[in-house]
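Protein chains: 2
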Amino acid sequence: MRASEKAYAVLREDIIEWRLAPGTVLAEVEQSERLGVSRTPVREALGRLSAEGLTTAAGGRGVVVTDISLEDIDELFELRETLEGKAAALAAERGERPVFERLHAELLRAPEMLNDSDPARHDYYALVGRLDEAIDAAICNSYLAQAMRSLRVHLVRVRRLAADDASRLNAAAAEHAAIAEAIALGDPRLAEAATTVHLHRSLSHLKATHTPHT
Amino acid sequence: MRASEKAYAVLREDIIEWRLAPGTVLAEVEQSERLGVSRTPVREALGRLSAEGLTTAAGGRGVVVTDISLEDIDELFELRETLEGKAAALAAERGERPVFERLHAELLRAPEMLNDSDPARHDYYALVGRLDEAIDAAICNSYLAQAMRSLRVHLVRVRRLAADDASRLNAAAAEHAAIAEAIALGDPRLAEAATTVHLHRSLSHLKATHTPHT
DNA sequence: ATTGAGGTTTATGTATACACTGAGGGCATC
DNA sequence: GATGCCCTCAGTGTATACATAAACCTCAAT
Numbered sequence: 001m002r003a004s005e006k007a008y009a010v011l012r013e014d015i016i017e018w019r020l021a022p023g024t025v026l027a028e029v030e031q032s033e034r035l036g037v038s039r040t041p042v043r044e045a046l047g048r049l050s051a052e053g054l055t056t057a058a059g060g061r062g063v064v065v066t067d068i069s070l071e072d073i074d075e076l077f078e079l080r081e082t083l084e085g086k087a088a089a090l091a092a093e094r095g096e097r098p099v100f101e102r103l104h105a106e107l108l109r110a111p112e113m114l115n116d117s118d119p120a121r122h123d124y125y126a127l128v129g130r131l132d133e134a135i136d137a138a139i140c141n142s143y144l145a146q147a148m149r150s151l152r153v154h155l156v157r158v159r160r161l162a163a164d165d166a167s168r169l170n171a172a173a174a175e176h177a178a179i180a181e182a183i184a185l186g187d188p189r190l191a192e193a194a195t196t197v198h199l200h201r202s203l204s205h206l207k208a209t210h211t212p213h214t
Numbered sequence: 001m002r003a004s005e006k007a008y009a010v011l012r013e014d015i016i017e018w019r020l021a022p023g024t025v026l027a028e029v030e031q032s033e034r035l036g037v038s039r040t041p042v043r044e045a046l047g048r049l050s051a052e053g054l055t056t057a058a059g060g061r062g063v064v065v066t067d068i069s070l071e072d073i074d075e076l077f078e079l080r081e082t083l084e085g086k087a088a089a090l091a092a093e094r095g096e097r098p099v100f101e102r103l104h105a106e107l108l109r110a111p112e113m114l115n116d117s118d119p120a121r122h123d124y125y126a127l128v129g130r131l132d133e134a135i136d137a138a139i140c141n142s143y144l145a146q147a148m149r150s151l152r153v154h155l156v157r158v159r160r161l162a163a164d165d166a167s168r169l170n171a172a173a174a175e176h177a178a179i180a181e182a183i184a185l186g187d188p189r190l191a192e193a194a195t196t197v198h199l200h201r202s203l204s205h206l207k208a209t210h211t212p213h214t
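Note that the protein sequences, when read in sequence, are chains A and B. Under my numbering, think of the first position of the first sequence as 1, with each following residue one higher. Under my numbering, think of the first position of the second sequence as 1, with each following residue one higher.
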């Protein structure tokens with residue numbers, strides 16, 4: 001693996017997992033020593049992170065981990081609703097119906113998976129991930145897909161602030177199933193509406209269970 | 001000015017102005033000699049350009065200028081309609097009405113500017129730019145604003161393919177005036193509709209006057 | 001003649017040395 | 001004692017040297 005990619009992966013993971021708190025200054029020399037690579041790949045990694053918005057170049061003097069607060073969450077979901085709503089609608093118009101029928105059936109069975117313990121939860125996340133991928137593939141719009149990808153990074157970061165309990169995951173599975181079903185039916189407006197509902201519920205849950213980070 | 005910023009600005013300009021055709025391989029040494037800086041800032045510039053989507057890292061061997069074709073234009077406008085429609089609606093909800101009333105009045109007077117020759121056209125573009133900025137500021141959503149900024153780069157590139165004649169600019173000014181008016185009225189749905197109309201007309205004009213690049 | 005293997009070459013990937021700028025602290029002066 | 005100036009230092013910005021890998025060309029063998 002290239003050193004710059006390693007530096008990027010580690011730093012990104014550290015930021016997303018909140019091991020590097022917002023406001024932390026990432027000095028090039030310091031990080032290059034910590035990661036065991038030279039300054040050059042660290043520089044490249046910091047550049048990529050800044051382009052993604054995970055870090056911000058603080059006026060020539062150091063790169064700092066971007067802050068993400070509750071107001072950001074509202075902004076984030078505002079854009080997310082716009083993009084994913086459109087994506088769901090496009091998927092309903094253009095997607096291969098059998099793909100989403102299968103996903104729909106699998107999502108309906110998800111509550112069984114969630115009755116078991118943590119390892120099963122991983123399978124559930126993988127299933128939701130497959131729905132995301134199927135939508136990405138169905139929309140046939142690389143710009144929209146790219147915009148959603150860059151959003152998801154920030155969403156993963158925010159999600160770490162909330163506690164995903166079993167009851168919420170069950171509800172989320174049902175909401176995802178509704179989205180998959182609407183797409184399988186080829187109904188753009190329904191797909192968009194189902195997405196809107198899901199995102200509003202997610203946001204409510206997120207805000208309700210938000211735990212201030214220590 | 002920093003060397004890396006200069007390299008970035010020059011390369012970006014060269015790509016947008018079609019002086020560097022899609023598919024052109026940007027070798028680091030070659031570009032560093034051409035731009036009179038060393039490889040390091042060129043590398044950084046190429047990284048930023050790739051993050052924006054103007055170039056693509058071609059599997060370890062060189063960075064190539066991204067292709068942009070007619071199908072891309074459809075995808076581009078599909079996303080643009082989604083984002084700018086939402087942005088106009090939000091601006092109508094949250095914007096300072098006097099700002100957009102002033103812009104509306106100025107846009108109504110734009111046809112007078114366009115009767116004159118080229119230097120006046122520059123003023124018109126500046127006026128439209130101010131409308132964009134006013135919307136950006138009004139939406140109070142940095143993620144949405146960022147998404148629109150990254151889109152505009154590609155749009156500028158596409159726009160160079162079309163010939164902006166005086167009649168189209170006059171029509172566009174009226175469409176922009178309608179958007180500003182809707183926002184000033186505080187009517188989100190009207191603002192979104194006006195934006196949709198404007199973008200559809202822009203796209204039609206673009207496709208109609210598209211000149212294959214030599 | 002065509003194909004494969006190996007060497008050469010040229011590009012990128014990485015490390016490091018040097019330059020420069022901005023900040024912070026200490027000292028001197030008012 | 002306070003304030004202003006200078007010196008030092010730390011950290012980024014740039015250049016360059018070196019490592020490495022992939023592609024192309026050549027030569028030979030089938």
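Yeah, the Cβ is synthetic: ideal placement off N, Cα and C, and Gly gets one too. If you're wondering where the values come from, they're calculated on a predicted model, not measured in any experiment.
Proximal residues of chain B, C-beta to C-beta of residue i below 8 Å
{"i": "R48(A)", "result": "G47 and A51"}
{"i": "L155(A)", "result": "The contacting residues do not exist; L155(A) stays about 11 Å from chain B at best."}
{"i": "Q146(A)", "result": "G53"}
For residue i, the nearest candidate out of the options (CA to CA)
{"i": "G62(B)", "options": "I139(B), R43(B) and A173(B)", "result": "R43(B)"}
{"i": "A27(A)", "options": "W18(A), T55(A), E5(A) and A51(A)", "result": "T55(A)"}
{"i": "L190(B)", "options": "R201(B), Y8(B) and A178(B)", "result": "A178(B)"}
{"i": "S142(A)", "options": "Q31(A), L83(A) and R121(A)", "result": "L83(A)"}
{"i": "L203(B)", "options": "V37(B), R80(B), V29(B) and G36(B)", "result": "R80(B)"}
{"i": "D14(A)", "options": "T66(A), L144(A), L70(A) and A87(A)", "result": "T66(A)"}
{"i": "N170(B)", "options": "E30(B), E112(B) and I16(B)", "result": "E112(B)"}
{"i": "I139(B)", "options": "A194(B), A87(B), T209(B) and V10(B)", "result": "A87(B)"}
{"i": "A7(A)", "options": "P22(A), E30(A) and A21(A)", "result": "E30(A)"}
{"i": "A3(B)", "options": "A89(B), D72(B), P41(B) and D136(B)", "result": "P41(B)"}
{"i": "R19(A)", "options": "R160(A), D136(A), P98(A) and R121(A)", "result": "R160(A)"}
{"i": "A173(B)", "options": "V37(B), A120(B) and L108(B)", "result": "L108(B)"}
{"i": "L155(B)", "options": "D72(B), T24(B), V37(B) and A51(B)", "result": "D72(B)"}
{"i": "E17(B)", "options": "D165(B), V128(B), R157(B) and A208(B)", "result": "R157(B)"}
{"i": "E101(B)", "options": "L199(B), A180(B) and G23(B)", "result": "A180(B)"}
{"i": "R121(B)", "options": "S150(B), D165(B) and A92(B)", "result": "D165(B)"}
{"i": "L103(A)", "options": "A58(A), A182(A), R152(A) and H205(A)", "result": "A182(A)"}
{"i": "L127(B)", "options": "A105(B), R34(B) and M148(B)", "result": "A105(B)"}
{"i": "L206(B)", "options": "V64(B), A163(B) and A194(B)", "result": "A163(B)"}
{"i": "A58(A)", "options": "E78(A), V37(A), G23(A) and G36(A)", "result": "G23(A)"}
{"i": "R97(B)", "options": "V64(B), Y124(B) and A134(B)", "result": "A134(B)"}
{"i": "A145(B)", "options": "V25(A), L76(A), G36(A) and L11(A)", "result": "L76(A)"}
{"i": "A184(B)", "options": "G47(B), L131(B), T196(B) and R149(B)", "result": "L131(B)"}
{"i": "Y125(A)", "options": "A208(A), D136(A) and H176(A)", "result": "H176(A)"}
{"i": "G36(B)", "options": "L11(B), R149(B) and A89(B)", "result": "L11(B)"}
Paired residues, beta bridge with residue i - DSSP
{"i": "A51(A)", "result": "Looking at the DSSP assignment, A51(A) forms no beta bridge with any residue, so it has no partner."}
{"i": "V63(A)", "result": "L26(A) and A57(A)"}
Chain A contact residues for residue i, given Cβ-Cβ distances below 7 Å
{"i": "S142(B)", "result": "E75"}
{"i": "L79(B)", "result": "N141, Y143, L144 and A147"}
{"i": "E17(B)", "result": "None at all; the shortest Cβ gap to chain A is about 21 Å."}
Unbroken alpha helix (DSSP H) run spanning residue i, endpoints
{"i": "L185(A)", "result": "A166 to L185"}
{"i": "L190(A)", "result": "P188 to A208"}
{"i": "G5(B)", "result": "First, the amino acid is wrong: residue 5(B) is Glu here, not Gly. Per DSSP, E5(B) belongs to the alpha helix (DSSP H) from A3 to I16."}
Where residue i meets chain B, residues with beta-carbon distance less than 7 Å
{"i": "K86(A)", "result": "T82"}
Per-residue contacts from residue i into chain A (C-beta, under 9 Å)
{"i": "E93(B)", "result": "What E93(B) touches in chain A: nothing, since even the nearest Cβ is about 11 Å away."}
Contact list for residue i against chain B, beta-carbon separation under 9 Å
{"i": "E44(A)", "result": "R43, E44 and G47"}
Complete alpha helix (DSSP H) runs within the stretch 82 to 159 of chain B (minimum length 4 residues, chain order): Entirely contained in the stretch 82 to 159 of chain B, the alpha helix (DSSP H) runs reaching 4 residues are, in chain order, 97 to 108, 110 to 115, 118 to 139 and 142 to 159.
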